[in-house]
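Trainee: Quick one: structure below, then a few questions.
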Amino acid sequence: MKILSVSTATSNLSVALNENEKIIVEKNEHDERNHSEHLDPLINEILVDHNLTLKDIDRFAVAIGPGSYTGLRIGITTVKMFGSILNKEVVGVSTLQALAKSVTDNDTVIIAGLDARNENYFAGGYVLDENQIPVNVIADGHYHIDVLLENVKAYIENSDYKKIIFVGNGFEKQDELIKELDIQYSYGTDEQNIVHAGLIGQLAIEEEPVDPDKLLPRYLRRTQAEVDWHKRTGNPFGPDSDYVEEV
């Protein structure tokens, strides 16, 4: 099965071609403000280099969040379009699970996160199963660092795991607080700290395809526009699909 995967969730733009679990090629560009301009050329470059067209792809996969609001929409809209026009399978993969997939230590709790500013993080905790698939054990969410570390400590105390690795960005600046956990810990390498489309492709094998129209971003918090809309209208928050349609 040929899988084309993309991530536009962070400042690192990533596109990959997988043949089942094997990563055939992955290309990465750090261009936070230009994902919309660079994504299609990068996809085309990969296809041309491997004598393929979009019709040859069996499944499209994309990081669905958390991440940049604008970035997520770029990647998700592209994959939805491919799936709809070509009648191909599409799947969404958690950005945090993709980050966690970069770790291969089975005896370690993986805390994957993205700096959300003001001491907050989009983060979740993972452990690897027997197939090296990251399993979510601390729910993906929008956490203040104090709450996140409380959750990490509680999980460690009730498990057999004695080591932690933090992957993503912004954790190093919390080093003094992390030390207070009194647990062996480390930070990811530069390669582990970016979202790799090739790893999204590997995770996409086990995901159930969805109707392209139902492929939606997982922001993990409300946008300011949505909060303002709620205040203005008094209407209750609905699922992301309701809000996206209204916009």
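Heads up, the sequence shown is in the numbering used here, so the first residue is 57 and it goes up one at a time.
Note that the Cβ used here is the ideal one computed from N, Cα and C, for glycine as well.
If you're wondering where the values come from, they're calculated on a predicted model, not measured in any experiment.
I'd like to check one pair, Val118 with Ser61: are the Cβ atoms closer than 9 angstroms?
Mentor: Their beta carbons are under 9 angstroms apart, which means Ser61 touches Val118 by this criterion.
Trainee: Just mark Thr97 as buried or exposed, buried being the case when its beta carbon has 16 or more other beta carbons within 10 Å.
Mentor: The sequence shown places Pro at residue 97, rather than the Thr named in the question. Label assigned to Pro97: exposed.
Trainee: Suppose you measure from the CA of Ala179 to the CA of Gly127; what does that come to, to the nearest Å?
Mentor: Going from the Cα of Ala179 to the Cα of Gly127 covers about 18 angstroms.
Trainee: Straight-line CA distance for Tyr310 to Val251?
Mentor: It is not possible to answer for residue 310, since the shown part of the chain is limited to 57 through 303.
Trainee: Can you tell me whether DSSP reads Gln153 as helix, strand or coil?
Mentor: Looking at Gln153 - three-state DSSP - the assignment turns out to be helix.
Trainee: Can you tell me which of Ser63, Phe116, Tyr217 puts its alpha carbon nearest to the alpha carbon of Glu85?
Mentor: The residue with the shortest Cα to Cα distance from Glu85 is Ser63.
Trainee: Any contact between the stretch 153 to 162 and the stretch 260 to 271? By contact I mean 3 or more CB pairs, one from each, below 8 angstroms.
Mentor: The stretch 153 to 162 is not in contact with the stretch 260 to 271.
Trainee: Residues in its own chain within less than 8 angstroms of Leu95 by CB, not counting five upstream and five downstream?
Mentor: Val62, Thr64, Leu69, Val71, Ile130, Gly131, Thr134.
Trainee: So Lys136 and Ile113 are in contact, right, with Cβ under 8 angstroms, and what is the actual spacing, rounded?
Mentor: Wrong, their Cβ atoms sit about 14 angstroms apart, outside the cutoff.
Trainee: Taking the CB atoms as reference points, tell me whether Ile212 and Ser242 lie closer together than 9 angstroms.
Mentor: No, they are not a contact pair.
Trainee: Would Gly148 pass as a contact of Glu262 if the rule is Cβ separation under 9 angstroms?
Mentor: Contact flag unset, no.
Trainee: Label Ser215 either buried or exposed according to how many other C-beta atoms from any shown protein chain fall within 10 Å of its C-beta, with 16 as the threshold for buried.
Mentor: When all chains shown are included, Ser215 counts as exposed.
Trainee: Does DSSP put Gly139 in a helix, in a strand, or in coil?
Mentor: Helix at Gly139.
Trainee: So the beta strand (DSSP E) Ile80 belongs to, where does it begin and stop?
Mentor: 78 to 86 is the extent of the beta strand (DSSP E) around Ile80.
Trainee: Runs of 3 residues minimum, wholly inside the stretch 94 to 125: which ones carry the beta strand (DSSP E) assignment?
Mentor: DSSP runs (the beta strand (DSSP E)) wholly in the stretch 94 to 125: 115 to 119.
Trainee: Three-state secondary structure (DSSP) at Gln258?
Mentor: DSSP places Gln258 in helix when its eight states are reduced to three.
Trainee: Under three-state DSSP, which class holds His252?
Mentor: Looking at His252 - three-state DSSP - the assignment turns out to be coil, as it is neither helix nor strand.
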